[in-house]
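When the letters of the sequence shown are read in order and numbered with my numbering, they come out as residues 26 to 188.
Ideal Cβ positions, reconstructed from N, Cα and C, are used throughout, including at glycine.
The block underneath contains the structure these notes are about, expressed in structure tokens.
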Amino acid sequence: MADTTPDPLPPTPPARPPLLSLAEVAALARRAHADQTDKAGRPYAEHLAAVAAGVRERGGSDEQLAAAWLHDAVEDGVLAPEWLAGAALTEATKAMIMAVTKRAGEPAEEYAARILATPGALLVKESDLAHNADPARLAVLDAATRARLTAKYARMRALLGPA
């Protein structure tokens with residue numbers, strides 16, 4: 026007589042926590058950068074909100090919006106790369122965040138190449154550059170800083186290609 030016992034089912038993988046909502050990501054980013062200000066002395070969260078708004082205006086996805094909120098978190102050291110690796114975010118969002126995270130001593134060409142090679146990251150960086158290079162935002166800085174940053178942002182735009 027043949028054994029008719031069904032093969033046991035493979036074990037169920039552990040349930041993954043639900044992904045963070047955009048509201049949760051925004052709140053997390055605001056908390057993480059709460060003690061930071063930009064070069065003009067404004068709360069850093071204003072920059073994050075502006076970059077996210079730019080991504081939204083450019084038709085970005087929810088994954089790109091989440092990356093916009095967290096685009097400077099690892100670079101600024103307010104969230105560790107290990108935290109990001111285990112975060113309840115999509116792999117695409119994590120990849121975008123790491124793509125736009127400038128590494129110390131990294132040549133601009135390598136940075137731009139990584140952004141261009143990572144799906145979705147270019148839109149996040151374009152929104153970041155647009156806000157950083159906003160003439161009204163730059164106008165409050167001293168002339169030397171304004172000139173240095175204007176040249177820096179123009180060079181990165183050139184490396185990234187036409188928008």
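Asked, Found
"Supposed close pair A80, L90 - CB separation, criterion 8 angstroms", "Note that residue 80 corresponds to Val in the displayed sequence, not to Ala. Yes, they are in contact, since the Cβ atoms of V80 and L90 sit about 5 angstroms apart, within 8 angstroms."
"Assigned exposure category for G186 - 16 Cβ within 10 Å defines buried", "exposed"
"Residue-level contact to chain D via CB, A158, 8 angstroms cutoff", "Within the model displayed, chain D is absent; a lone protein chain is all it includes."
"The segment 163-170 in contact with the segment 64-84 per 3-pair CB rule at 8 angstroms", "yes"
"Pairwise C-alpha distance: A117 and A124", "10 angstroms"
"Among N157, D153, K119, A105, nearest to E57 - alpha-carbon criterion", "The amino acid at residue 57 is misidentified as Glu; the sequence shows Ala. Checking every option, the nearest Cα to that of A57 belongs to A105."
"Continuous alpha helix (DSSP H) stretch holding L89: start and end", "It should be noted that the sequence gives Gln, not Leu, for residue 89. First-last of the alpha helix (DSSP H) with Q89: 87-94."
"Check whether E100 and K127 have beta carbons under 8 angstroms apart", "yes"
"Simplified DSSP assignment, three categories, for T62", "strand"
"Span separating the alpha-carbon of R83 from that of M181", "19 angstroms"
"Residue range of the unbroken alpha helix (DSSP H) whose run includes R173", "168-185"
"As assigned by DSSP and simplified to three states, the class of P36", "coil"
"For A54 and A48, the rounded distance between their alpha carbons", "10 angstroms"
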